[in-house]
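When you line the sequence shown up against my numbering, it's residues -2 to 214, in that order.
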Amino acid sequence: MNKETAVRAVLFDYDGTLRDTKHVILGALKAALEHHGATMPSTEELTPHLHHSSFVRQAFLPDVSAEEFEKVYYQTKDILSEDVTLFEGTAEMLKNVRANGYAVGLVTAAKKSMLQFEQLGLQDSVFDVIIGAEDLTEHKPHPQGILMAVKTLGVSLRETVYVGDMPTDYAAAVAAGVEFVGAAYGFFDEKTLRAEGAEHIIHTPRELPALLANIRS
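In structure tokens, the structure reads:
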């Protein structure tokens, strides 16, 4: 990438990057598996597939319909979501990023109706663009969401950074041609993200503004 091109836009993944939901998704998957009598996989086995409930069902409950599995999954997810919070320092970080002049976007596999901004004390105005599940026909690691956000913001790929916590986030950023920052406090740790190829890593949301100042994408 051209190191003389300054970053103008920062795009964020949501779950595991801004919103702390690992316990929610794990709990919902395990509840659905247990309800239908599956041999319970370990947390380590489930973690790579936390955003792919259909894969989990097919792998461990191939004879259970998607409707039956998702009924328990979403019921449990709704209950557990009542105590979801942002990662510590997230709201402050977002304000700082905006104050520093960056355009800010959200690219998530979550439905917009499930973002819980009010519950989390966020205003949607903090984001210049929000790309959710209903906007997409392809999901990460496909770069569609990132490319849509970049086009909407009117910036170039070389001026854009994507912040995410999963290997699929890294793969989507690479496929899109944008810089990637790994959030090593989310679903995956620094070792895993660096093994994928991530160069830039943060361990708390508060570290991001300083890192952005030193990235030229």
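Cβ coordinates follow ideal geometry from the N, Cα and C atoms, glycine included.
Are the CB atoms of R16 and L117 nearer to each other than 8 angstroms?
Locating residue 16 in the sequence shown gives position 19, where the first residue counts as 1. Locating residue 117 in the sequence shown gives position 120, where the first residue counts as 1. In this structure, L117 lies closer than 8 angstroms to R16 by Cβ.
Quick check: the Cα distance between T82 and Y11, rounded to an integer number of angstroms?
Indexing the sequence shown from 1 puts residue 82 at position 85. Indexing the sequence shown from 1 puts residue 11 at position 14. Rounded to whole angstroms, T82 to Y11 spans 12 angstroms at the Cα level.
State yes or no: is the C-beta of F114 nearer than 7 angstroms to some heavy atom of the ligand MN?
No copy of the ligand MN appears in this structure; indeed no ligand is present at all.
Could you check if I76 is buried or exposed, using at least 16 other CB atoms within 10 Å of its CB as the buried criterion?
On the sequence shown, residue 76 is found 79 positions in, with the first residue counted as 1. I76 comes out exposed.
Could you tell me the alpha carbon to alpha carbon distance between L119 and A63, rounded to whole angstroms?
Within the sequence shown, the letter at position 122 stands for residue 119. Within the sequence shown, the letter at position 66 stands for residue 63. Rounded to whole angstroms, L119 to A63 spans 33 angstroms at the Cα level.
I'd like the ranges of any beta strand (DSSP E) spanning at least 3 consecutive residues and lying wholly in the region 66 to 146.
Counting only runs of 3 or more, we get 100 to 104, 126 to 128.
Reducing DSSP to helix, strand and coil, say where D166 ends up.
In the sequence shown, counting from the first residue as 1, residue 166 sits at position 169. In the structure shown, D166 sits in a helix (DSSP, three-state: H, G or I).
For T40, which residues in the same chain have their Cβ closer than 8 angstroms to its Cβ, ignoring the five residues on either side in sequence?
Reading the sequence shown from its first residue, position 43 is the one you call residue 40. Hits under 8 angstroms: L23.
Would you say the region 123 to 140 touches the region 162 to 172, given that touching needs at least three Cβ pairs under 8 angstroms?
Cβ pair count under 8 angstroms is three or more, so yes.
Tell me, to the nearest whole angstrom, how far the beta carbon of V7 is from that of V152; I am working on the premise that it is less than 8 angstroms.
Within the sequence shown, the letter at position 10 stands for residue 7. Within the sequence shown, the letter at position 155 stands for residue 152. Not quite, the Cβ-Cβ distance comes to about 10 angstroms (not below 8 angstroms), so this is no contact.
Residues bridged to I199 by DSSP?
Translated into the one-based positions of the sequence shown, residue 199 becomes position 202. I199 pairs with A180.
Can you tell which of P59, E156, F57, T149 has its C-alpha closest to the C-alpha of F124?
On the sequence shown, residue 124 is found 127 positions in, with the first residue counted as 1. Nearest of P59, E156, F57, T149 to F124, Cα basis: T149.
Return the CA-CA distance between E156 and S78, expressed in angstroms with no decimal places.
Taking the first residue of the sequence shown as 1, we reach residue 156 at position 159. Taking the first residue of the sequence shown as 1, we reach residue 78 at position 81. Straight-line Cα distance between these residues: approximately 34 angstroms.
What does the alpha-carbon distance come out to for the pair A134 and P164?
Here residue 134 corresponds to residue number 137 of the sequence shown, with the count starting at 1. Here residue 164 corresponds to residue number 167 of the sequence shown, with the count starting at 1. Sequence inspection shows Thr at residue 134; the Ala mentioned does not correspond to that position. In a straight line, the C-alpha of T134 is about 20 angstroms away from that of P164.
Using the three-state DSSP reduction, which class does T18 fall into: helix, strand or coil?
Residue mapping note: residue 18 aligns to position 21 of the sequence shown, counting from 1. Here T18 sits in coil by DSSP.
Counting C-beta neighbours from all protein chains within 10 Å, is the total for G194 16 or more, i.e. buried, or is it exposed?
Looking up residue 194 in the sequence shown gives position 197. Exposed: under 16 other Cβ atoms inside 10 Å.
From F52 to Y182, what distance separates their C-alpha atoms?
For the purposes of this step, residue 52 is taken as residue 55 along the sequence shown, with counting starting at 1. For the purposes of this step, residue 182 is taken as residue 185 along the sequence shown, with counting starting at 1. Rounded to whole angstroms, F52 to Y182 spans 24 angstroms at the Cα level.
Tell me the DSSP secondary structure of F185 in three-state form.
Position 188 of the sequence shown holds residue 185. If DSSP states are grouped into helix, strand and coil, F185 belongs with coil.
Which residues bound the alpha helix (DSSP H) around A207?
On the sequence shown, residue 207 is found 210 positions in, with the first residue counted as 1. It spans 205 to 209 - the alpha helix (DSSP H) in which A207 sits, taken as one unbroken run.
With a CB to CB cut of under 8 angstroms and the five nearest residues on each side skipped, what residues in its chain are close to M90?
By 1-based counting over the sequence shown, the position of residue 90 is 93. Within the same chain, M90 has close Cβ partners P202, R203, L205, P206.
Thinking C-beta only, is G129 closer than 8 angstroms to K108?
Here residue 108 corresponds to residue number 111 of the sequence shown, with the count starting at 1. Here residue 129 corresponds to residue number 132 of the sequence shown, with the count starting at 1. Yes, these two residues count as a Cβ contact at 8 angstroms.
Tell me the rounded alpha-carbon separation between L154 and E131.
Numbered from its first residue, the sequence shown carries residue 154 at position 157. Numbered from its first residue, the sequence shown carries residue 131 at position 134. Distance between the alpha carbons of L154 and E131 is about 23 angstroms.
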